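Heads up: the structure comes next, in structure tokens.
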Amino acid sequence: MNERLRRLILGDRQTIAGTVYGTIIVMSVLAAGAHAYEHHLWRLVVLAGGSAVVLWLAHVYSHGLGESLGLGRRVTFEELVSIARREHSVIAAAILPLAAVALGAVGLLAHEQQFGSRSGSGWQCSPLRRFDTRASSAWVRPRLSSPSASTSQSA
Numbered sequence: 007m008n009e010r011l012r013r014l015i016l017g018d019r020q021t022i023a024g025t026v027y028g029t030i031i032v033m034s035v036l037a038a039g040a041h042a043y044e045h046h047l048w049r050l051v052v053l054a055g056g057s058a059v060v061l062w063l064a065h066v067y068s069h070g071l072g073e074s075l076g077l078g079r080r081v082t083f084e085e086l087v088s089i090a091r092r093e094h095s096v097i098a099a100a101i102l103p104l105a106a107v108a109l110g111a112v113g114l115l116a117h118e119q120q121f122g123s124r125s126g127s128g129w130q131c132s133p134l135r136r137f138d139t140r141a142s143s144a145w146v147r148p149r150l151s152s153p154s155a156s157t158s159q160s161a
């Protein structure tokens, strides 16, 4: 991957905040929808991608609003476009996860490669690597009792 493309998709020092924010957005939607859309991966891609775009637009709007208040006037269209370009990393962070699910939708990636395998390949570095549908029910089950009671129950 060339350097410019790597910086666009993975972020750099100037765009790391947007990259993290975009990653959280897309991975949370993928995690929440992994089981429900297991057999409809294109719907999951559209849902996660659409969520990233909508939240990016809200992010750009809020920055524009902040700039307007700071300047004491409305920002121009050109200034708003500049903000949108500066915050592109929110959208760019969605590219790799959505591409992996899209490749799964066309049959080029197996389930374990999309959602993290237990053999050390795939997305093992992702903090959400356990959203694999076979393991998710135990991982996301809410604790309804006190921490001390749940510790003694799980033993």
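Residues 7 to 161 (my numbering) make up the sequence shown, in order.
Cβ atoms here follow ideal geometry from the backbone N, Cα and C, with glycine treated the same way.
For clarity, every value in this text was computed on a predicted model and none was experimentally measured.
- Using a C-beta cut-off of 8 Å, the stretch 27 to 36 makes contact with the stretch 95 to 107, since at least three inter-stretch Cβ pairs fall below that distance.
- With 16 or more other CB atoms across the displayed protein chains lying within 10 angstroms of its CB, THR21 is buried.
- The DSSP-derived three-state label of THR21 is coil.
- At the C-beta level, VAL51 and LEU104 come within 8 Å of one another.
- Rounded to whole angstroms, PHE83 and ALA100 show a C-alpha spacing of 25 Å.
- Boundaries of the alpha helix (DSSP H) around HIS65: 47 to 77.
- Per DSSP, GLU93 lies in no alpha helix (DSSP H) and is assigned neither H nor E.
- In the structure shown, GLY39 falls within a helical segment according to DSSP collapsed to helix, strand and coil.
- Looking at TRP62, ILE89, LEU63 and LEU61, the one whose alpha-carbon comes closest to that of SER74 is ILE89.
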